[in-house]
DNA sequence: ATAGGGTTAG
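Residue numbers (UniProt numbering): 1 to 634.
Shown next as structure tokens:
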């Protein structure tokens, strides 16, 4: 029998039970756990078969015992309790124990306690330093991290494979490319470039600092590439808008026999979502099904997003339903999916269900909800959500929430109300916000307000040609030729040229990329012929293209190219895809915004009866600065 | 003992 602190007795019969009880008593006394805490007791008992043999009656002075106690700590209070006992028993001199204590403090985000301990540690070895440096890096305490790294350097130590990844991580998180390159230099100087931890961190750093080519160069020179390295590179391409290359790399990785884990699956699923490539999506899904019985939250959420963006909202919902654990991101993803599929009411319906499941909405959830309202014309509902968010959930609207509201009000024709909202908001106004207003002005032909919006856009981004084109078009429409000339002159003076927008289409398991007036595709001739005949069919049935916002002095061919740029994907689809008659065209983006394109799509779907998946050009990073005329609506 | 990669909006 063993006695606990509060003198209650614990009975044990078999030798194993004696060990269990012994272990539990010892742990409980160190951690100040009451002996009637059954859950905790069960937890420790489970560990007993492995650890029991190490436990002795004199465990209070046994470093090994404290080590396991530290590993099993459940809260900061317990850690502090151990800390003081280690201190009393003079065990802090043991670098193993002290380092573990330091590490555990950091794991519970007790940065100050950790730093304190670090300062008082009688003996600091390289592990202590790397734990502390890593802790600062993870916590986002960049200056502290660099300072400690420097001190470590100065204390006569060399940078090593444990400290450098943390420092490189800081360069990544602060987007400090300059420092990143310096560290890279140091890595070479100390001959550490063969370490995969360091190289993978460097590849990641370059990628997240926006120099993807440097990342790739380093990646290509690496002799030993492990799964993490591949994952970093695959994710990097997806993030910079070249998701196609992500999938190429993923295939290469599989080919050389590297088996993906959940994290790399998430990365490639994300790439598929960005591409909107349904066939690829299904292949990845099969691969995942083979390897895993169930989806974890993150992988499941990524899959919901992927299927929704590839056009299959139903499969997205199925996965959502099947997921055992769902967090706020899973719910927001599903809500957003209904939003851009134009099913605003279904998005709204999910909200109370989410609350019933005790998931607290965050600001992104509300962006998704408001977005859903604006794309389904649910004005009243949107206004209600907007005030609910502030009054019940105490979430302050940021510029994205306001953008949804401006979009919502603007599309509904309540332009003055939208403008008032912009005037009165206390958040910094950005490009997206003014673009939303401008879009609404275009729909409702409000020239004066459009002018204000375009001017604001130019003020924020004086070097973005698309804003000048917009303003010029607005002046042209209003017959303000002098103003228009001025704007055109400004464009010439600043040497601004219009950059094309891109679209992608997936046909027969291949992803094709197009831009306006682009003849680079190998089937280009066929595509343009098909396009021409489609346009002819359209015009025969009374379709009048909207030439209003095309630059006025461009030649006819360019004009046509611009107007129908994004029709190319239809054309290629008709040239290359064969699907059963009567299948409807599935869009990943709600179409109700533009009568022209909608009419066009509907018309084509009736005439041709084929299925394609079209992706929204605006989702791609390198398109963001471009001008998409018709593409805006797709 | 200490180090690198993952999910939602825009």
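We treat Cβ as the ideally placed atom computed from N, Cα and C, and that holds for glycine.
Just so we're clear, the structure is a prediction, and the values are computed from it rather than from any experiment.
{"Query": "Contact under 8 angstroms by Cβ, residue 474 with residue 454", "Result": "yes"}
{"Query": "Ranges of the alpha helix (DSSP H) found wholly within the stretch 156-191, counting only runs of at least 4", "Result": "164-173, 177-189"}
{"Query": "N-terminal and C-terminal residue of the alpha helix (DSSP H) that residue 279 is part of", "Result": "278-291"}
{"Query": "Contact under 8 angstroms by Cβ, residue 385 with residue 363", "Result": "no"}
{"Query": "Reduced DSSP secondary structure (H/G/I, E/B, other) of residue 224", "Result": "coil"}
{"Query": "For residue 126, the first and last residue of its enclosing alpha helix (DSSP H)", "Result": "126-139"}
{"Query": "CA-to-CA distance, residue 170 to residue 651, given in whole angstroms", "Result": "Absent from the structure is residue 651, since the part of the chain shown begins at 1 and ends at 634."}
{"Query": "Simplified DSSP assignment, three categories, for residue 461", "Result": "coil"}
{"Query": "Contact under 8 angstroms by Cβ, residue 373 with residue 408", "Result": "yes"}
{"Query": "Buried or exposed by the 16-neighbour rule on C-beta atoms within 10 Å, applied to residue 302", "Result": "buried"}
{"Query": "Nearest candidate by alpha-carbon position, reference residue 323, set 292, 102, 196", "Result": "292"}
{"Query": "Runs of alpha helix (DSSP H) lying entirely within the stretch 83-120, each at least 4 residues, in chain order", "Result": "95-107, 111-120"}
{"Query": "Length of the line joining the Cα atoms of residue 441 and residue 346", "Result": "28 angstroms"}
{"Query": "Cα-Cα separation between residue 136 and residue 145, rounded to whole angstroms", "Result": "5 angstroms"}
{"Query": "Alpha carbon of residue 192 to alpha carbon of residue 165, nearest angstrom", "Result": "11 angstroms"}
{"Query": "Beta-carbon contacts of residue 253 that lie in its chain and below 6 angstroms, excluding the five residues immediately before and after", "Result": "230"}
{"Query": "Rounded straight-line distance, which links the Cα of residue 237 to that of residue 288", "Result": "21 angstroms"}
{"Query": "The ligand FMN heavy atom lying under 7 angstroms from the CB of residue 79", "Result": "This structure does not include the ligand FMN; it has no bound ligands of any sort."}
{"Query": "Burial state of residue 71, where buried means 16 or more other Cβ atoms lie within 10 Å", "Result": "exposed"}
{"Query": "Local Cβ density within 10 Å of residue 129, reported as buried at 16 or more and exposed below that", "Result": "buried"}
{"Query": "Buried versus exposed, by CB contacts within 10 Å (16 or more), residue 88", "Result": "exposed"}
{"Query": "Segment limits, alpha helix (DSSP H) that includes residue 144", "Result": "142-154"}
{"Query": "Residues near residue 330 by beta carbon distance below 8 angstroms, same chain, minus five either side", "Result": "297, 300, 301, 304, 320, 323"}
{"Query": "Cα-Cα separation between residue 215 and residue 225, rounded to whole angstroms", "Result": "13 angstroms"}
{"Query": "Per-residue DSSP class, three states only, for residue 352", "Result": "helix"}
{"Query": "Whether residue 102 touches residue 131 by CB criterion (8 angstroms)", "Result": "yes"}
{"Query": "Distance, residue 75 Cα to residue 251 Cα", "Result": "43 angstroms"}
{"Query": "Under 8 angstroms between C-beta atoms of residue 406 and residue 433", "Result": "yes"}
{"Query": "Residue 411, enclosing alpha helix (DSSP H) - first and last residue", "Result": "399-411"}
{"Query": "Secondary structure of residue 488, DSSP reduced to three states", "Result": "helix"}
{"Query": "Same chain, Cβ closer than 8 angstroms to residue 494, neighbours up to 5 away in sequence not counted", "Result": "462, 463"}
{"Query": "Spatial distance of residue 460 from residue 113 (CA atoms)", "Result": "44 angstroms"}
{"Query": "Collapsed DSSP secondary structure at residue 442 in the structure displayed", "Result": "helix"}
{"Query": "N-terminal and C-terminal residue of the alpha helix (DSSP H) that residue 296 is part of", "Result": "Element bounds for residue 296: n/a, residue is neither H nor E."}
{"Query": "Which listed residue (343, 99, 465, 410) has its alpha carbon closest to that of residue 438", "Result": "410"}
{"Query": "Identity of the residue in 366, 382, 380 nearest residue 393 by Cα", "Result": "366"}
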